[in-house]
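Asker: Residue numbering for the sequence shown follows this note's numbering, beginning at 188 and increasing consecutively.
One structure, as structure tokens, below. Some questions next.
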Amino acid sequence: MPGRDNPVSLDARGEVTPSGGTVASSRGELTVSLPAGAVTSVHTLVVRDRGFPTLTRQGGSKVRPLVAFDVELTDAAGRKASGQLGREATITLDFAEIDLGNIVPQSLTFFTLDEATGRWQAVPGQLDYNGKKMVARTSHFSGWAVGGDTSASIVPNVEAAQTSLFTRSAEMAIELKLPPGLAGLVPRLVLKYSSAAVNRSEVNDFWSYMDVQGSWVGLGWSLDLGAITARHKDTGYELFAISLGGIVDRILRKNTQPLTEDWYSQRESFAKIEHIVGDAEHWWVTTKDGTKYRFGYIAGEGGDAMGDPTNTGSRQESGYIFDNGPRTYNYRWLLDRIEDTNGNVVTIEYEGTRASISAGGATTDMSIES
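As structure tokens, then:
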């Protein structure tokens with residue numbers, strides 16, 4: 188018989204000692220394990236089904252509960268234990284035999300009840316999608332729940348068209364919701380339009396690079412997960428900029444080491460920006476929440492700032508420039524990896540398209556990734 192709102196009952200009861208102990212539900216879907224040293228005397232560990240709470244992610248999106256339960260420790264006199272455990276306990280949910288309905292498995296996340304505020308908060312954990320298991324660690328017991336995003340919520344919606352008060356341009360956006368990855372990790376993908384975007388291609392003079400402005404999704408439109416871009420002169424890079432989530436800004440070099448250059452955004456974003464030079468040239472950006480983003484990594488290949496030919500396969504875009512002869516330069520490094528603080532990873536692949544554009548007697552080869 189299911190318990191409360193749970194599709195299966197997770198009720199369990201058992202004894203734990205200073206040497207540790209494990210309690211499991213009758214069919215093994217839920218196990219709670221305490222290592223040696225977690226408690227200093229014999230306690231009873233109890234797991235009880237509870238009704239589904241209202242769960243939301245940090246951004247406000249609703250989460251559909253899958254299971255909910257209370258975990259409680261009582262001493263020999265039946266008194267509820269309080270305070271922190273001596274060592275972290277492990278909570279494991281095996282969802283192989285649990286009907287997920289329309290919940291996206293990769294989005295499953297642990298939540299715990301903050302008894303001080305009465306709010307449910309997402310808890311870092313590990314999700315083994317292939318093994319159909321998820322694990323969380325905790326130093327205290329309270330109310331717990333597991334939930335995820337539903338497939339019905341992954342539907343594009345159009346934000347109302349608006350006018351920028353700064354540029355006076357017409358703007359609109361369509362957010363394309365992607366299936367969440369491990370522990371709900373998901374990149375933000377938005378199709379944007381701005382009438383302020385330059386929508387033509389031109390050559391300033393024969394020795395200048397082609398300034399191609401129309402994107403692969405249409406004039407004035409943009410669709411990408413994030414990128415670091417460079418504008419070139421004949422003598423090398425002129426300026427760099429980053430577009431990543433809420434960071435859209437010029438970036439500046441702070442200092443240079445043998446294999447790494449440290450950069451920072453012109454408007455302080457508290458992001459750590461590193462340019463890895465040499466072979467396999469790429470960028471790392473670590474935001475203030477600890478999430479790491481990698482741009483333009485191609486194992487074993489890369490182009491440097493002064494004109495080595497770039498790899499035109501995936502994750503980097505290159506153009507053609509004259510610098511004592513024709514050479515190719517990286518002008519755009521695309522987001523290819525996201526890693527959260529728990530080691531959950533999203534990788535992104537791109538398919539390259541090459542094109543040749545002629546004007547003013549010069550022909551330019553462009554490598555565009557999509």
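Cβ atoms here follow ideal geometry from the backbone N, Cα and C, with glycine treated the same way.
All figures in this text were calculated on a predicted structure; none of them were measured in a lab.
Taking the alpha carbon of T279 as the point to measure from, which residue in L410, W331, T443, G407 has its own alpha carbon closest?
Answerer: Taking the first residue of the sequence shown as position 1, residue 279 is located at position 92. For T279, the nearest C-alpha among the options comes from W331.
Asker: Taking DSSP as the reference, what is the three-state secondary structure of Q161?
Answerer: Outside the shown range of the chain, which is 188 to 557, sits residue 161, and nothing can be said about it.
Asker: Could you tell me which of G224, D336, G207 sits nearest to G364, measuring between CA atoms?
Answerer: The residue you call residue 364 lines up with position 177 of the sequence shown. The amino acid occupying residue 364 in the given sequence is Lys; Gly does not appear at that position. Here the closest residue by C-alpha is D336.
Asker: Please confirm whether M321 and Q308 have their CB atoms less than 8 Å apart.
Answerer: For the purposes of this step, residue 321 is taken as residue 134 along the sequence shown, with counting starting at 1. For the purposes of this step, residue 308 is taken as residue 121 along the sequence shown, with counting starting at 1. Result no, Cβ atoms of M321 and Q308 do not sit closer than 8 Å.
Asker: What are the boundary residues of the beta strand (DSSP E) that T261 is part of?
Answerer: In the sequence shown, residue 261 corresponds to position 74, counting from 1. Run containing T261: 249-261, per the beta strand (DSSP E) assignment.
Asker: According to DSSP, is S206 part of a helix, a strand, or is it coil?
Answerer: For this step, residue 206 is matched to residue 19 along the sequence shown. Correct three-state label for S206: coil.
Asker: Give the range of the beta strand (DSSP E) segment to which G180 is assigned.
Answerer: Nothing in the structure corresponds to residue 180, since the chain is present only between 188 and 557.
Asker: Closer than 7 Å to a non-hydrogen atom of the ligand FAD - does that hold for the CB of G407?
Answerer: Among the components of this structure there are no ligands whatsoever, and the ligand FAD is therefore not found.
Asker: Is it the case that the region 519-532 contacts the region 435-452, given that we only count it when at least three CB pairs across the two stretches are under 8 Å?
Answerer: The answer is no - the region 519-532 does not touch the region 435-452, with fewer than three Cβ pairs under 8 Å.
Asker: Just the Cα atoms here: how many angstroms apart are I463 and I415?
Answerer: Translated into positions along the sequence shown, residue 463 becomes position 276. Translated into positions along the sequence shown, residue 415 becomes position 228. I463 and I415: Cα-Cα distance of roughly 13 Å.
Asker: Tell me which residues share the same chain as P374 and place their Cβ nearer than 8 Å to its Cβ, disregarding the 5 neighbours each side in the sequence.
Answerer: Counting from one through the sequence shown, the residue named residue 374 turns up at place 187. Closer than 8 Å at the Cβ level, and outside the excluded window around P374, lie L365, L412, G413, L522, I525, V533, I535.
Asker: Return yes when the Cβ of T261 is within less than 8 Å of the Cβ of V233, no when it is not.
Answerer: To locate residue 233, count along the sequence shown from 1; it is residue 46. To locate residue 261, count along the sequence shown from 1; it is residue 74. Against a cut-off of 8 Å, the Cβ pair of T261 and V233 comes out as a contact.
Asker: With burial defined as no fewer than 16 other Cβ atoms inside 10 Å of the residue's Cβ, what is the status of G305: buried or exposed?
Answerer: Taking the first residue of the sequence shown as position 1, residue 305 is located at position 118. It is exposed - the Cβ of G305 has fewer than 16 other Cβ atoms within 10 Å.
Asker: Considering only the beta carbon of each residue, do E461 and T447 sit closer than 8 Å?
Answerer: Here the question's residue 461 lines up with position 274 in the sequence shown. Here the question's residue 447 lines up with position 260 in the sequence shown. Taking 8 Å as the Cβ cut-off, E461 and T447 qualify as a contacting pair.
Asker: Looking at the strands, I want to know which residues DSSP matches up with E448.
Answerer: Here residue 448 refers to the residue found at position 261 of the sequence shown. Answer is T443, H462, bridged to E448.
Asker: S196 by DSSP, collapsed to three states: which one?
Answerer: Translated into the one-based positions of the sequence shown, residue 196 becomes position 9. The answer is coil: DSSP assigns S196 none of H, G, I, E or B.
Asker: Please determine if the region 233-248 and the region 283-291 are in contact, where contact requires at least 3 C-beta pairs separated by less than 8 Å.
Answerer: Taking 8 Å as the limit for Cβ pairs, the verdict is that the region 283-291 does not touch the region 233-248.
Asker: What are the residues that DSSP puts in a beta bridge with F482?
Answerer: Taking the sequence shown and counting its residues from 1, the one referred to as residue 482 is at position 295. DSSP, once it has assigned bridges, lists W470, L522 as partnering F482.
Asker: Which residue wins for smallest C-alpha separation from G201, given the options P194, S212, T528, N193?
Answerer: The residue labelled residue 201 in the question sits at position 14 within the sequence shown. Checking every option, the nearest Cα to that of G201 belongs to S212.
Asker: Of all the options S196, S206, T204, V229, which has the alpha carbon lying nearest to the alpha carbon of G215?
Answerer: Taking the first residue of the sequence shown as position 1, residue 215 is located at position 28. The shortest Cα separation from G215 among S196, S206, T204, V229 belongs to S196.
Asker: Which residue wins for smallest C-alpha separation from L406, given the options F427, L426, L221, K379?
Answerer: In the sequence shown, residue 406 corresponds to position 219, counting from 1. Looking at the Cα atoms, K379 is the closest of the given residues.
Asker: With respect to the beta strand (DSSP E) encompassing H230, which residues constitute its N-terminal and C-terminal limits?
Answerer: Taking the sequence shown and counting its residues from 1, the one referred to as residue 230 is at position 43. That run of the beta strand (DSSP E) goes 230-236.
Asker: Following the continuous beta strand (DSSP E) through I278, name the residue where it begins and the one where it ends.
Answerer: Walking along the sequence shown from the start, residue 278 turns up at place 91. 276-281 is the extent of the beta strand (DSSP E) around I278.
Asker: A199 to Y480, Cα distance in whole Å?
Answerer: Mapped onto the sequence shown, residue 199 falls at position 12. Mapped onto the sequence shown, residue 480 falls at position 293. Approximately 41 Å between the Cα atoms of the pair.
Asker: Can you find the residues in the same chain that come closer than 7 Å, C-beta to C-beta, to K319, ignoring five residues on each side of it along the sequence?
Answerer: Sequence index remark: in the sequence shown, residue 319 carries index 132 (1-based). Here the set comprises D281, F282, A283.
Asker: Looking only at C-alpha atoms, which of L431, G334, D466 sits nearest to F256?
Answerer: Within the sequence shown, numbered from 1, the residue matching residue 256 stands at position 69. Answer by Cα proximity: G334.
Asker: Just to check my reading of the structure: G270 and G224 have Cβ atoms closer than 8 Å, yes? What is that Cβ distance to the nearest angstrom?
Answerer: Sequence index remark: in the sequence shown, residue 270 carries index 83 (1-based). Sequence index remark: in the sequence shown, residue 224 carries index 37 (1-based). 14 Å between Cβ atoms; not a contact.
Asker: Here's the rule: buried if 16 or more other CB atoms are within 10 angstroms of the residue's CB, otherwise exposed. What is Q293?
Answerer: Counted from its first residue, the sequence shown places residue 293 at position 106. Looking at its Cβ environment, which holds 16 or more other Cβ atoms inside 10 Å, Q293 is buried.
Asker: Rounded to the nearest angstrom, what separates G490 and A467 at their Cα positions?
Answerer: Position 303 of the sequence shown, counted from the start, is the residue given in the question as residue 490. Position 280 of the sequence shown, counted from the start, is the residue given in the question as residue 467. Below a pLDDT of 50, predicted positions are generally treated as unreliable, and G490, at 39, falls in that range; no measurement from the model is reported.
Asker: Out of curiosity, what's the CA-to-CA distance linking R324 and T473?
Answerer: In the sequence shown, the residue the question calls residue 324 occupies position 137. In the sequence shown, the residue the question calls residue 473 occupies position 286. Looking at the two C-alpha atoms, the distance is approximately 24 Å.
Asker: Kindly indicate the opening and closing residues of the beta strand (DSSP E) around T218.
Answerer: Numbered from 1 along the sequence shown, position 31 holds the residue referred to as residue 218. Its beta strand (DSSP E) spans residues 217-221.
Asker: If we ignore side chains and look at the alpha-carbon of each, how far apart do T209 and M359 end up?
Answerer: Translated into the one-based positions of the sequence shown, residue 209 becomes position 22. Translated into the one-based positions of the sequence shown, residue 359 becomes position 172. Spanning the two alpha carbons is a distance of roughly 54 Å.
Asker: DSSP on S338, reduced to helix/strand/coil?
Answerer: The residue you call residue 338 lines up with position 151 of the sequence shown. Three-state result, S338: helix.
Asker: Taking C-alpha atoms, which residue in Y537, E275, V404 lies nearest to F328?
Answerer: Position 141 of the sequence shown, counted from the first residue, corresponds to residue 328. Nearest C-alpha to F328: E275.
Asker: Of all the options L295, H230, A303, which has the alpha carbon lying nearest to the alpha carbon of N315?
Answerer: Counting from one through the sequence shown, the residue named residue 315 turns up at place 128. Here the sequence assigns Asp to residue 315, which means Asn is not the residue at that position. Minimum Cα distance to D315 is reached at L295.
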